[in-house]
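Since the structure comes first, as structure tokens, the remarks are kept for the end.
There are 2 protein chains.
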Amino acid sequence: MQPQEKSYHHGDLRTALVEAAEAVLTERGVEGFTLRECARRAGVSHAAPAHHFKDAKGLLTEVAALGFERLTEAERNARDDESDPKNRLLGTGIGYVRFAIEHPAQFQLMFQKGLVDHSNARLAAASSAAFQVFIQAYSELYGVTFPAGMHKDTDPSVMREWALVHGFATLVVQGQLGPAQSAAGIANLMKFARAVFEDAQKYGPPIR
Amino acid sequence: MQPQEKSYHHGDLRTALVEAAEAVLTERGVEGFTLRECARRAGVSHAAPAHHFKDAKGLLTEVAALGFERLTEAERNARDDESDPKNRLLGTGIGYVRFAIEHPAQFQLMFQKGLVDHSNARLAAASSAAFQVFIQAYSELYGVTFPAGMHKDTDPSVMREWALVHGFATLVVQGQLGPAQSAAGIANLMKFARAVFEDAQKYGPPIR
DNA sequence: GCTCCATCTTGACGTTGGCAAGTTGGAAAC
DNA sequence: GTTTCCAACTTGCCAACGTCAAGATGGAGC
Numbered sequence: 006m007q008p009q010e011k012s013y014h015h016g017d018l019r020t021a022l023v024e025a026a027e028a029v030l031t032e033r034g035v036e037g038f039t040l041r042e043c044a045r046r047a048g049v050s051h052a053a054p055a056h057h058f059k060d061a062k063g064l065l066t067e068v069a070a071l072g073f074e075r076l077t078e079a080e081r082n083a084r085d086d087e088s089d090p091k092n093r094l095l096g097t098g099i100g101y102v103r104f105a106i107e108h109p110a111q112f113q114l115m116f117q118k119g120l121v122d123h124s125n126a127r128l129a130a131a132s133s134a135a136f137q138v139f140i141q142a143y144s145e146l147y148g149v150t151f152p153a154g155m156h157k158d159t160d161p162s163v164m165r166e167w168a169l170v171h172g173f174a175t176l177v178v179q180g181q182l183g184p185a186q187s188a189a190g191i192a193n194l195m196k197f198a199r200a201v202f203e204d205a206q207k208y209g210p211p212i213r
Numbered sequence: 006m007q008p009q010e011k012s013y014h015h016g017d018l019r020t021a022l023v024e025a026a027e028a029v030l031t032e033r034g035v036e037g038f039t040l041r042e043c044a045r046r047a048g049v050s051h052a053a054p055a056h057h058f059k060d061a062k063g064l065l066t067e068v069a070a071l072g073f074e075r076l077t078e079a080e081r082n083a084r085d086d087e088s089d090p091k092n093r094l095l096g097t098g099i100g101y102v103r104f105a106i107e108h109p110a111q112f113q114l115m116f117q118k119g120l121v122d123h124s125n126a127r128l129a130a131a132s133s134a135a136f137q138v139f140i141q142a143y144s145e146l147y148g149v150t151f152p153a154g155m156h157k158d159t160d161p162s163v164m165r166e167w168a169l170v171h172g173f174a175t176l177v178v179q180g181q182l183g184p185a186q187s188a189a190g191i192a193n194l195m196k197f198a199r200a201v202f203e204d205a206q207k208y209g210p211p212i213r
């Protein structure tokens with residue numbers, strides 16, 4: 006950003022494209038994304054991105070990986086907002102939902118098969134990390150341990166928690182629940198999310 | 006299908022296009038869908054669909070509405086497969102997941118904002134009906150009643166059930182869990198789904 | 001001061017969705 | 001039985017897209 010915005014031949018085009026892609030996604034949604042628009046916003050020709058990303062999917066994969074890293078951060082932050090240790094798992098889910106609400110297009114991209122390259126190493130690592138925060142919070146709350154690097158589809162109890170949170174987040178993003186644009190709408194949805202998760206925890210396994 | 010496949014000027018192009026669209030979605034996924042390919046498969050020119058659907062979104066909306074109607078049927082069938090009345094809610098969820106696994110592209114389409122016209126009456130009705138089966142099964146199991154035509158985002162307990170099922174289904178469709186292509190993979194996932202839902206029910210509210 | 005090559009540009013190709021204008025042929029009207 | 005009409009379909013066009021190939025450019029390193 007700061008170092009010579011107009012060095013013309015150079016400049017940090019790679020990150021500029023990633024930032025442009027995020028802006029396009031935010032403004033126009035996943036299906037409104039075009040590679041050429043990203044190039045325009047970065048101030049380069051339409052063929053320039055090819056020198057930094059193999060193709061459109063390559064750029065989107067980078068954005069998705071970044072999204073998973075931010076999702077992980079959002080989970081951790083919301084978890085650490087909870088003073089009561091019993092609420093740390095709940096908080097993780099709240100952070101998950103809040104990220105989805107605040108970055109709906111990125112969230113949609115991250116979890117949409119075919120739009121990103123799932124064999125990408127950074128993406129896989131970031132995706133796994135986001136899941137690990139979840140499993141860690143579960144382990145701490147219920148006093149159980151799981152093998153490191155456990156597959157996502159192993160334990161029904163962990164899956165129950167993740168599916169609940171992910172289901173709520175996707176329903177919001179997909180517009181199946183109330184409007185998530187205005188600040189009031191967001192606040193309502195977040196309150197509702199907490200109510201749902203608390204309801205689930207109320208009937209959950211005994212807490213150690 | 007039967008009546009004069011080649012009347013040339015006529016024929017049931019509307020339904021032919023819908024069937025072609027479903028085939029394209031199945032073969033190429035949501036992002037591989039093109040209106041022109043549908044026209045090709047129906048044996049008409051690329052501009053013919055415009056006389057039956059306003060645009061590509063119009064055709065996809067029809068397909069999505071049909072999908073919701075089939076989802077409703079799948080929920081009911083799986084629910085009625087359960088002899089034990091306590092398992093009728095669980096069965097509804099199983100039917101939901103099975104539909105998603107067997108028609109991943111359609112499922113993705115149905116729940117993707119921006120690809121379909123959400124103001125479409127038939128789509129809204131079909132979507133609502135699919136939710137109603139769910140809420141009905143919940144009511145019967147737990148002996149509570151909800152106002153007819155209740156909004157989706159009203160009751161935390163119902164939402165907890167729906168989000169869990171929808172979350173599991175989307176995670177499967179999005180490829181976050183195991184492979185869902187082979188018959189063995191599908192069977193594994195369905196078994197896992199049942200385990201997750203049973204786990205949730207184990208800790209659910211007291212059954213009347 | 002020269003050379004090299006990564007970076008960027010220009011231009012092209014094939015494909016898409018959508019619009020406009022022309023064609024066709026069955027059904028309704030006479 | 002002929003004519004008229006209009007919904008259904010075709011052809012042709014446009015702008016925009018992603019991607020590829022070939023040429024231009026200019027800073028880094030020698």
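Protein chains in written order, with the working numbering: chain E, 6 to 213; chain V, 6 to 213.
Glycine included, every Cβ here is placed at the ideal spot set by N, Cα and C.
Do residue j and residue i come within 8 Å of each other at the CB atom, strictly closer than that value?
i, j, result
"Met115/V", "Phe173/V", "no"
"Leu120/V", "Glu36/E", "yes"
"Arg103/E", "Ala79/E", "yes"
"Leu146/E", "Leu94/E", "yes"
"Asp158/E", "Gly190/V", "no"
"Gly209/V", "Tyr208/E", "yes"
"Gly148/V", "Arg213/V", "yes"
"Thr77/V", "Ala135/V", "yes"
"Leu22/V", "His57/V", "yes"
"Ala69/V", "Leu128/V", "yes"
"Val138/V", "Arg199/V", "no"
"Ala71/V", "Ala47/V", "Inspection of the sequence shows that residue 71/V is occupied by Leu rather than by Ala. In this structure, Ala47/V does not lie closer than 8 Å to Leu71/V by Cβ."
"Gln179/V", "Gln117/E", "yes"
"Leu40/V", "Leu64/V", "yes"
"Gly96/E", "Ala105/E", "no"
"Gly34/V", "Ala110/V", "yes"
"Ser162/V", "Phe151/V", "no"
Would you mind sorting residue i into buried or exposed? The rule is 16 or more other CB atoms within 10 Å of its CB.
i, result
"Thr20/E", "exposed"
"His108/E", "buried"
"Ile140/E", "buried"
"Ser124/E", "exposed"
"Ser88/E", "exposed"
"Glu67/V", "buried"
"Val201/E", "buried"
"Gln186/E", "exposed"
"Pro90/V", "exposed"
"Ala52/E", "exposed"
"Ser50/E", "exposed"
"Pro54/E", "buried"
"Asp160/E", "buried"
"Phe28/V", "Reading the sequence as shown, one finds Ala at residue 28/V and not Phe. So Ala28/V ends up on the exposed side."
"Ala131/E", "buried"
By the three-class DSSP mapping on this structure, what secondary structure does residue i have?
i, result
"Lys207/E", "helix"
"Val163/E", "helix"
"Lys118/E", "strand"
"Met155/V", "coil"
"Val178/V", "helix"
"Arg213/V", "coil"
"Gln186/E", "coil"
"Leu201/E", "The amino acid at residue 201/E is misidentified as Leu; the sequence shows Val. Looking at Val201/E - three-state DSSP - the assignment turns out to be helix."
"Val102/V", "helix"
"Gly148/E", "coil"
"Ser124/V", "coil"
"His108/V", "coil"
"Met6/V", "Legend: pLDDT at Met6/V = 35, less than 50; position of this residue unreliable, no value from coordinates given."
"Ala129/V", "helix"
4-residue-minimum alpha helix (DSSP H) runs that sit fully inside the region 9-94 of chain E, ordered along the chain: 18-33, 40-47 and 61-85
At least 3 beta-carbon pairs within less than 8 Å: the region 157-168 of chain E vs the region 161-172 of chain V: yes
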